[in-house]
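**Student:** Residue numbers (the working numbering), protein chains in the order written: chain A, 8 to 121; chain B, 65 to 172.
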Amino acid sequence: SAVISQKPSRDICQRGTSLTIQCQVDSQVTMMFWYRQQPGQSLTLIATANQGSEATYESGFVIDKFPISRPNLTFSTLTVSNMSPEDSSIYLCSVSTGSGNTIYFGEGSWLTVV
Amino acid sequence: AQRVTQPEKLLSVFKGAPVELKCNYSYSGSPELFWYVQYSRQRLQLLLRHISRESIKGFTADLNKGETSFHLKKPFAQEEDSAMYYCALDNYGQNFVFGPGTRLSVLP
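Structure representation (structure tokens):
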């Protein structure tokens with residue numbers, strides 16, 4: 008398994024500002040993902056964070072709005088840019104260790120945009 | 065397209081009653097399916113995966129390729145089983161596709 012730490016765990020943000028969420032894993036992992044879980048809804052994949060190259064975004068998500076970095080095999084950041092109330096959500100970092108294709112989740116970052 | 069459906073948003077059962085959380089999928093090839101659970105104020109965590117054919121906390125799930133289903137079952141529900149349950153599909157090793165989730169409420 009993998010232990011995943013996300014920061015911040017919770018924040019209230021002003022409309023129009025940007026916030027960067029950090030994800031730290033206790034071991035090197037092959038794949039890191041960012042998901043969004045809006046209130047009362049399921050998980051939606053935002054992008055796959057690729058080490059050393061640009062992230063792979065899912066339909067409906069763009070780099071300008073959700074820039075992602077992954078400088079090494081244990082760390083990634085997701086920035087939510089120019090926030091609006093519609094961005095209020097839980098943002099989840101998850102990782103795949105490549106063993107049995109199981110993925111593990113961080114505790115999530117609750118963002119509220121006012 | 066790969067898809068996971070969970071027809072019930074909410075399922076309420078009494079303690080000691082059997083429970084079945086339904087999951088259906090669409091996938092080309094041999095699917096790898098998982099059940100994840102999220103207890104109140106806790107992170108999402110793996111409950112079980114079909115390739116392990118294991119029973120966790122009394123839960124089992126059998127992959128039925130003919131019916132494209134992976135229903136989660138437990139013969140006797142406990143109050144501590146109350147949680148959100150998500151069925152998930154490994155999308156060709158690229159990422160995971162999650163169903164909409166079912167909230168299980170076990171009543172005393």
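All residues carry an ideal CB built from backbone N, CA and C; glycine is no exception.
Using a Cβ-Cβ distance under 7 Å, would residue 52(A) count as near chain B?
**Tutor:** It does; some Cβ of chain B falls within 7 Å.
**Student:** Considering only their Cβ atoms, is the gap separating residue 162(B) from residue 149(B) smaller than 7 Å?
**Tutor:** Taking 7 Å as the cut-off, the Cβ atoms of residue 149(B) and residue 162(B) do not count as close.
**Student:** Does DSSP put residue 116(B) in a helix, a strand or coil?
**Tutor:** DSSP places residue 116(B) within a helical segment (H, G or I) once states are collapsed to three.
**Student:** Spell out a yes or no on whether the stretch 83 to 99 of chain B and the stretch 82 to 94 of chain A are touching, meaning 3 or more CB-CB pairs, one atom from each, closer than 8 Å.
**Tutor:** no
**Student:** Let me know the secondary structure DSSP gives residue 95(B) once reduced to three states.
**Tutor:** coil
**Student:** Rounded to a whole number of angstroms, what is the C-alpha to C-alpha distance between residue 22(A) and residue 121(A)?
**Tutor:** 6 Å
**Student:** From the beta carbon of residue 60(A), is the nearest beta carbon of chain D less than 7 Å away?
**Tutor:** As a matter of chain content, chain D is missing from the structure shown, whose protein chains are A and B.
**Student:** Count the CB pairs spanning the stretch 60 to 76 of chain A and the stretch 65 to 79 of chain B that are closer than 8 Å, and state whether there are at least three.
**Tutor:** no
**Student:** Tell whether a beta-carbon distance below 7 Å holds between residue 108(B) and residue 102(B).
**Tutor:** yes
**Student:** Whole angstroms are fine: how far does the CA of residue 139(B) sit from the CA of residue 17(A)?
**Tutor:** For residue 17(A) and residue 139(B), the distance between alpha carbons rounds to 38 Å.
**Student:** Just the chain B side, please: which residues come within less than 7 Å of residue 114(A) by C-beta, in chain order?
**Tutor:** 107
**Student:** Below 7 Å between beta carbons: does that hold for residue 80(A) and residue 35(A)?
**Tutor:** yes
**Student:** With residue 43(A) as the anchor, note down where its beta strand (DSSP E) starts and where it stops.
**Tutor:** 38 to 44
**Student:** Is the stretch 92 to 103 of chain A close to the stretch 42 to 53 of chain A, with three or more CB pairs under 8 Å?
**Tutor:** yes
**Student:** Using a beta-carbon distance cut-off of less than 9 Å, what residues from the stretch 28 to 43 of chain A approach chain B?
**Tutor:** 38, 40, 42
**Student:** Can you list, in chain order, the residues of its chain whose CB lies under 6 Å from that of residue 118(B), leaving out five sequence neighbours each side?
**Tutor:** 112
**Student:** Along chain B, in chain order, which residues have C-beta atoms closer than 7 Å to that of residue 110(A)?
**Tutor:** 160
**Student:** Whose CA, out of 26(A), 49(A), 11(A), lies closest to the CA of residue 165(B)?
**Tutor:** 49(A)
**Student:** For residue 49(A), return the contacting residues in chain B, with the cut-off set at a CB-CB distance below 7 Å.
**Tutor:** What residue 49(A) touches in chain B: 150, 162, 163, 164, 165.
**Student:** Hey, is residue 55(A)'s beta-carbon within less than 7 Å of any beta-carbon in chain B?
**Tutor:** yes
**Student:** For residue 94(A), which three-state DSSP category applies?
**Tutor:** helix
**Student:** Anything in the stretch 110 to 134 of chain B with a Cβ closer than 9 Å to a Cβ of chain A? List those residues in chain order, please.
**Tutor:** 110, 113, 115, 116
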